[in-house]
Amino acid sequence: MAKLYPQLILFGDSLLQGSCAIQSGFSLQAALQDHCMRRYDVVNRGMSGYNTSQCLKYLPSMFLAPGPNVAPIKIVIILLGANDAAINDPPMSFQGVDFEGYKENLTAIASHDIWKAHGAKIVLTTPPPLDEIRTGPADLEWGHKQPSRTSKRSQKYSQICRDVAKELGEEGEHEVVLVDLWRGVMDKAIEMCPEWKEKGIKDGPPYLGDPECGLQGGLGTLLSDGLHMNGEAYKVFADLLMPHVKPEWRELPPESREDYVFPDWQTAEWLEKDGPPKAK
């Protein structure tokens, strides 16, 4: 029987689907796989355009219950909400899920029986900030009657994600931790914005990217189109994730093979007909 690698799952929308791409010399998925090499497989199940309702609908079709021929799922990184935050205006925009529905769906996804059966650790991730200063005019150019997303509305979905992580973590049925990507990207964007510092603003609201604030700051760089992240933003994401992805592996000496699925080449068996060579 084939030996199966434990899995780290990336489950979400285009923000995770796009994590496999190399942008500015960096790929989040590659960085995670490098960290997990020979120990876990990193499996990308990010689906562009999906909201929590769609992900919850298809989740049972994507992942198998534990069994002898099923790879064990060890960690699940969930990032959803950027599409739920869309303002419905069919036929131009119809991805949105209201606040209550988003919370209900995200809770169901993060506490799904399939993860509990595997004993998986859940890493709930807040959606990153939105640069409405960029996306708003672009939406109008595309024929929308109004911006399809707003900075303030998107912030509320990030807060709901924080609330869900806190509630599930307190229940303690399985391990749920929060990665606050919204805060991490916003802090980086503020760091890149001298005007913010000149105004002496300690924090929002309004935040960068909000027309009421009037400043894009680093969001103009970190978000390639105002919604999706570039390589620098994914680096921020990686820095936030790594403490929750087997950080003890980073402390191992280079020669360590702890948790390897297959043995090191020096101890791996050979075919009987080939060797290994005997010392003379």
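The sequence shown begins at 1 in the UniProt record's numbering and counts up by one. Glycine included, every Cβ here is placed at the ideal spot set by N, Cα and C.
Measure from the alpha carbon of residue i to the alpha carbon of each residue in the options, then state which is nearest.
i, options, result
"residue 13", "78, 22 and 120", "78"
"residue 23", "273, 276 and 228", "228"
"residue 289", "50, 64 and 68", "Summary: the structure shown does not reach residue 289, with the chain confined to residues 1 through 280, and so no result is reported for it."
"residue 8", "17, 19 and 33", "33"
"residue 95", "245, 145 and 149", "149"
"residue 156", "248, 82 and 168", "82"
"residue 241", "181, 205, 249 and 189", "181"
"residue 103", "90, 11, 236 and 52", "52"
"residue 35", "203, 246, 200 and 164", "246"
"residue 213", "230, 44, 238 and 190", "190"
Let me know the secondary structure DSSP gives residue i once reduced to three states.
i, result
"residue 111", "coil"
"residue 34", "helix"
"residue 215", "coil"
"residue 241", "helix"
Between the alpha carbons of residue i and residue j, how many angstroms are there, rounded?
i, j, result
"residue 166", "residue 195", "34 Å"
"residue 129", "residue 42", "25 Å"
"residue 120", "residue 278", "44 Å"
"residue 171", "residue 136", "39 Å"
"residue 208", "residue 111", "33 Å"
"residue 21", "residue 224", "13 Å"
"residue 26", "residue 86", "28 Å"
"residue 192", "residue 216", "10 Å"
"residue 125", "residue 265", "37 Å"
"residue 10", "residue 280", "50 Å"
Based on DSSP bridge pairs, tell me the residues matched to residue i.
i, result
"residue 10", "44 and 77"
"residue 122", "76 and 176"
"residue 89", "93"
"residue 223", "229"
Between which residues of its own chain and residue i is the CB-CB distance below 7 Å, once the five residues before and five after are set aside?
i, result
"residue 5", "40, 41, 71 and 261"
"residue 66", "72, 117 and 118"
"residue 236", "184, 185 and 188"
Skipping 5 residues on each side, what residues in its chain have a beta carbon closer than 8 Å to that of residue i?
i, result
"residue 3", "261 and 262"
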